[in-house]
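By the count of this note's numbering, the sequence shown reaches residue 631 at its end, each step adding exactly one. I have placed the structure first, in the form of structure tokens, so that the comments after it can refer back to it.
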Amino acid sequence: MKRVAVVGATGAVGTELRCVLAQREFPAESYRLFASARSAGRRIDWVDGPLTVAELGPHSFDDVDLAFFSAGASISREYAPLAREAGAIVIDNSSAFRMDRDVPLVIPEINAKAVRSHNGILAVPNCSTIIMAVVLWPLHRVHPIRRVVVCTYQAISGAGARALAELESQTADVLAGRPPTPHVLPVPCAFNVFSHNTPIGEDGYNVEESKMIAETRKIFGDDTLRIAPTCMRVPVRRVHTEALSIEFETPITEQDAREILGTAPGLEILDDRAANRFPTPLAAEGRDEVYVGRIRCDPTIPDGRGLQLICAGDQLRKGAALNAVQIAELLSPGSAASERKRGPT
Ligand SMILES: NC(=O)c1ccc[n+]([C@@H]2O[C@H](COP(=O)([O-])OP(=O)(O)OC[C@H]3O[C@@H](n4cnc5c(N)ncnc54)[C@H](OP(=O)(O)O)[C@@H]3O)[C@@H](O)[C@H]2O)c1
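Structure (structure tokens):
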């Protein structure tokens with residue numbers, strides 16, 4: 287698994303992916319970077335010197351063992367099967383294959399074993415789903431969850447590099463007294479909060495909310511889990527914050543929750559009531575861990591079965607790039623993950 291391709295290498299996720307691969311010293315023999323014709327020829331600094339971005343095409347995968355895709359669902363639908371036919375394993379950040387029965391939907395902290403059943407394509411879950419699921423799963427294993435009400439406060443970079451540039455230019459416009467003009471997002475994003483920019487279905491849920499419901503059920507292997515999400519965008523550069531109200535089957539104390547979350551992989555508790563310090567996007571930016579705090583019992587749910595908390599996770603990192611690289615490490619002997627599993631010699 288040595289010759290690696292990054293599709294969408296110039297985008298928000300692709301840029302973070304390059305960063306994570308370098309930081310974790312992913313054991314690749316060579317890298318090839320792909321994007322659209324717009325970026326072809328662009329030189330990007332890489333660990334062993336600059337690499338030139340190439341335009342993605344049908345023969346891009348002729349000498350590739352592993353391909354990370356983060357160029358959107360339509361590109362994945364068109365090119366991931368070609369990459370697989372050429373012999374590469376695909377790790378896809380888009381929504382194209384997530385709900386396919388033969389495609390593992392993997393969060394290594396939850397269902398690492400699912401990678402074993404792949405058929406050439408593995409999917410990274412939606413970013414809001416990952417950030418919620420890594421918090422819910424350790425609780426669910428000890429205290430089965432009956433229902434979750436979740437409200438998200440999602441960063442603008444979740445809509446891509448151009449949306450982030452729009453936040454920055456609109457912020458400058460507003461501060462200079464000019465009206466903000468939306469191009470990428472449907473409404474002004476600077477100094478605004480708005481419902482998630484995905485289409486709304488007949489049931490009233492937008493696509494982001496529907497993904498959180500369906501994907502969490504698939505990852506947990508529990509079709510009965512009830513999740514009621516409301517997904518919002520806030521004028522934050524990166525990191526999604528989420529407020530969760532969780533109803534369990536049986537009573538759970540605040541102390542139980544702290545002990546479980548405090549030892550769960552991929553989490554960091556930030557819950558200082560005296561100083562009023564809790565998870566924020568700025569604290570979680572660039573971090574591998576999802577931050578959890580505001581942990582408290584919900585007295586409106588009877589019998590001590592309710593808990594409320596907030597979490598904040600870098601959606602470009604754990605919500606996309608890091609999770610993808612973690613999956614690749616599970617597949618690659620000699621990688622950081624397998625070295626860590628083996629422990630020091
Ligand atoms: N942003 C997030 O927080 C996040 C989190 C989880 C998952 N995702 C998913 O990851 C994927 C990428 O998202 P993103 O936010 O990184 O988007 P982005 O910033 O808009 O980047 C898109 C990337 O795709 C490339 N691309 C576009 N059209 C292409 C084409 N015809 N052929 C080849 N490459 C093409 C772009 O290349 P050019 O630079 O040449 O245009 C760019 O590298 C999406 O499926 C998204 O849903 C995003």
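Positions of the beta carbon are idealized from the N, C-alpha and C atoms, including for glycine. It should be emphasised that the depicted structure is a prediction, and the values quoted were computed from it without experimental measurement.
Could you tell me the alpha carbon to alpha carbon distance between residue i and residue j, rounded to whole angstroms?
{"i": "V428", "j": "L422", "result": "10 angstroms"}
{"i": "R563", "j": "P367", "result": "47 angstroms"}
{"i": "R363", "j": "C597", "result": "32 angstroms"}
{"i": "T586", "j": "T502", "result": "25 angstroms"}
{"i": "A369", "j": "I375", "result": "7 angstroms"}
{"i": "D600", "j": "W332", "result": "23 angstroms"}
{"i": "G343", "j": "A326", "result": "11 angstroms"}
{"i": "L425", "j": "L547", "result": "7 angstroms"}
{"i": "E311", "j": "V611", "result": "11 angstroms"}
{"i": "V293", "j": "R559", "result": "44 angstroms"}
{"i": "R519", "j": "F480", "result": "5 angstroms"}
{"i": "Q541", "j": "P565", "result": "19 angstroms"}
{"i": "A409", "j": "A382", "result": "8 angstroms"}
{"i": "A545", "j": "C437", "result": "Looking at the sequence itself, residue 545 is Glu, so the reference to Ala does not match. Looking at the two C-alpha atoms, the distance is approximately 24 angstroms."}
{"i": "Y439", "j": "A570", "result": "14 angstroms"}
{"i": "E341", "j": "C413", "result": "26 angstroms"}
Report buried or exposed for residue i, applying the criterion of at least 16 other Cβ atoms within 10 angstroms of its Cβ.
{"i": "T415", "result": "buried"}
{"i": "F477", "result": "exposed"}
{"i": "A623", "result": "Reliability fails at A623, whose pLDDT of 45 lies under 50, so the model's placement of it is uncertain and no value is given."}
{"i": "P567", "result": "buried"}
{"i": "N527", "result": "This sequence places Thr at residue 527; Asn is not what is there. Buried, by the Cβ-count rule."}
{"i": "G300", "result": "buried"}
{"i": "K288", "result": "exposed"}
{"i": "N379", "result": "buried"}
{"i": "A353", "result": "buried"}
{"i": "P336", "result": "exposed"}
{"i": "I613", "result": "buried"}
{"i": "R324", "result": "exposed"}
{"i": "D557", "result": "buried"}
{"i": "I486", "result": "exposed"}
{"i": "Q258", "result": "Within the shown structure, residues of the chain are numbered from 287 to 631, placing residue 258 beyond reach of any answer."}
{"i": "R304", "result": "buried"}
{"i": "A462", "result": "exposed"}
Please work out which residues of its chain come closer than 7 angstroms, Cβ to Cβ, to residue i, disregarding the five sequence neighbours upstream and downstream, and give them in chain order.
{"i": "P521", "result": "I442, L453, C475, A476, F477 and N478"}
{"i": "I505", "result": "L391, I393, I396, N397, P411 and A419"}
{"i": "N483", "result": "A445, L471, P472 and R519"}
{"i": "L616", "result": "P394, A398, V401 and A623"}
{"i": "G406", "result": "R370, I375 and V376"}
{"i": "T457", "result": "A476"}
Beta-carbon within less than 6 angstroms of residue i's beta-carbon, same chain only, minus the 5 sequence neighbours each way: which residues are those?
{"i": "R318", "result": "A291"}
{"i": "E535", "result": "P430 and R432"}
{"i": "G592", "result": "E533 and D584"}
{"i": "A321", "result": "A295, T296 and V339"}
Cutting at 8 angstroms between CB atoms, please list the residues of its own chain near residue i, excluding the five before and the five after it.
{"i": "G590", "result": "P537, I538, T539 and C583"}
{"i": "G552", "result": "E395, V420, D574, E575, V576 and K604"}
{"i": "Y491", "result": "I499 and P515"}
{"i": "D351", "result": "M287, K288, R289, V290, G373, A374 and I375"}
Quick check for students: name the residue ranges of the alpha helix (DSSP H) that lie wholly in the segment 336-401, counting only runs of 4 or more. 359-371 and 394-397
Jot down the residue ranges of each uninterrupted alpha helix (DSSP H) in the segment 461-510, minimum 4 residues, whole runs only, in chain order. 493-506
Uninterrupted beta strand (DSSP E) stretches inside the segment 415-450 (no shorter than 3 residues): 431-440
Which runs of the alpha helix (DSSP H) at least 4 residues long sit entirely within the segment 544-582? Give them in chain order. 567-570
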